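In my numbering, the protein residues as written are 3 to 337. See structure below.
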């Protein structure tokens, strides 16, 4: 009796273990849910997903959602996208949103957009509900030298056909900033831009800035225009200051050259004086030599000394201040 109960208990345990392993390895509940939703997924297909290391719920639940939405998708499509590293649930949600918004979007393109790293669901939502991008403050200078600071709002809509390989928001902002700078820079006066700020929008839109991007620009609205610095006056002031410094440097160079030239002339004068003194020192020696050789007599020497003395007297008289001369007296008399 005890052996029979033990055998029955073992049989029950084996059956419980079998069903535990079965329900763990084979998602029977998921298969029942799919069958109840009208999605025909074979039990062996689910087992094959387990063997391929694919989580069945990541495939079956989006497939149920797509079937209920009227989309014709297969498990092979969803499983291949999952194995490629894509987000199956997000792709299915994007396809459902595109179907409801009457946007032509196939599974292949949606999977390609998702694998390219873009949020395909967000792209579909942006295609239905355009997004407003606010540019940073763009500074530009008009021809009269006045700086203007402009902030714009760009309304864009996602272009599904160009999401793969198209440029992003940074390119849009860069191109809009470039268009703003070009428009303000070509304006004759900053007053023209302040009077007609919509001129910037028209000029930028006419450039076709959304070419090659993943977006379509719907409108560009100027949100704010502020007056900045007088850049032209500042540049002229800086140029004048630079010219003044250059002129001062050149004047200092000329002054240094003049000082150097003056020092050279002084040295040259001292050199000439030294030569004169040297020449004068040779005169007594030459006279003594002439006296010894008899070429100069004593009377000649004395006569020359008298001439020298007379010359010195005349020079001293010429250097002395003039005396007051007597003037005429009254009555024609002289004093």
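Quick reminder that beta carbons are idealized off the backbone N, C-alpha and C, glycines included. Source: prediction; values computed, not measured.
Assigned secondary structure, residue i (DSSP; H/G/I helix, E/B strand, else coil)
i	result
residue 318	helix
residue 43	coil
residue 258	helix
residue 213	coil
residue 169	strand
residue 55	coil
residue 334	Reliability of the predicted coordinates at residue 334 is poor, the pLDDT of 46 falling under 50, and the value obtained from them is presented with this limitation in mind. In the structure shown, residue 334 sits in a helix (DSSP, three-state: H, G or I).
residue 177	helix
residue 74	coil
residue 48	helix
residue 313	helix
residue 16	helix
residue 164	helix
residue 105	coil
residue 281	helix
residue 120	coil
residue 188	helix
Residues that DSSP places opposite residue i in a beta bridge
i	result
residue 133	158
residue 142	150
residue 125	Answer is none; residue 125 lacks a bridge partner.
Span separating the alpha-carbon of residue i from that of residue j
i	j	result
residue 96	residue 169	21 Å
residue 282	residue 257	37 Å
residue 127	residue 237	49 Å
residue 143	residue 135	24 Å
residue 15	residue 93	44 Å
residue 100	residue 106	7 Å
residue 69	residue 63	10 Å
residue 102	residue 197	45 Å
residue 146	residue 131	41 Å
residue 252	residue 260	12 Å
residue 209	residue 181	8 Å
residue 317	residue 295	33 Å
residue 278	residue 246	47 Å
residue 289	residue 268	32 Å
residue 262	residue 285	35 Å
residue 213	residue 104	24 Å
residue 140	residue 90	41 Å
residue 60	residue 54	13 Å
residue 71	residue 39	12 Å
residue 183	residue 219	18 Å
residue 222	residue 200	9 Å
residue 186	residue 235	18 Å
residue 202	residue 249	43 Å
residue 311	residue 276	25 Å
residue 307	residue 254	54 Å
residue 33	residue 82	20 Å
residue 293	residue 315	26 Å
residue 303	residue 274	28 Å
residue 298	residue 322	35 Å
residue 7	residue 44	39 Å
residue 195	residue 121	39 Å
residue 320	residue 313	11 Å
Cβ distance (whole Å) where residue i is taken to contact residue j below 8 Å
i	j	result
residue 87	residue 123	Rounded, the Cβ-Cβ distance is 17 Å, inconsistent with contact.
residue 227	residue 150	6 Å
residue 114	residue 162	Actually they do not touch by this definition, with Cβ atoms about 11 Å apart.
residue 133	residue 166	Not a contact, Cβ separation roughly 19 Å.
residue 41	residue 66	5 Å
residue 36	residue 153	With 8 Å as the limit, residue 36 and residue 153 do not qualify as a contact, their Cβ atoms being about 53 Å apart.
residue 215	residue 164	7 Å
N-terminal and C-terminal residue of the beta strand (DSSP E) that residue i is part of
i	result
residue 230	217-232
The alpha helix (DSSP H) enclosing residue i, as first and last residue numbers
i	result
residue 78	77-85
residue 99	90-102
residue 38	30-38
residue 203	200-208
residue 297	Note, residue 297: premise wrong, no alpha helix (DSSP H); not H, not E.
residue 112	109-117
Within-7 Å CB hit, residue i to chain D
i	result
residue 263	Although the question refers to chain D, the structure presented lacks it and comprises just one protein chain.
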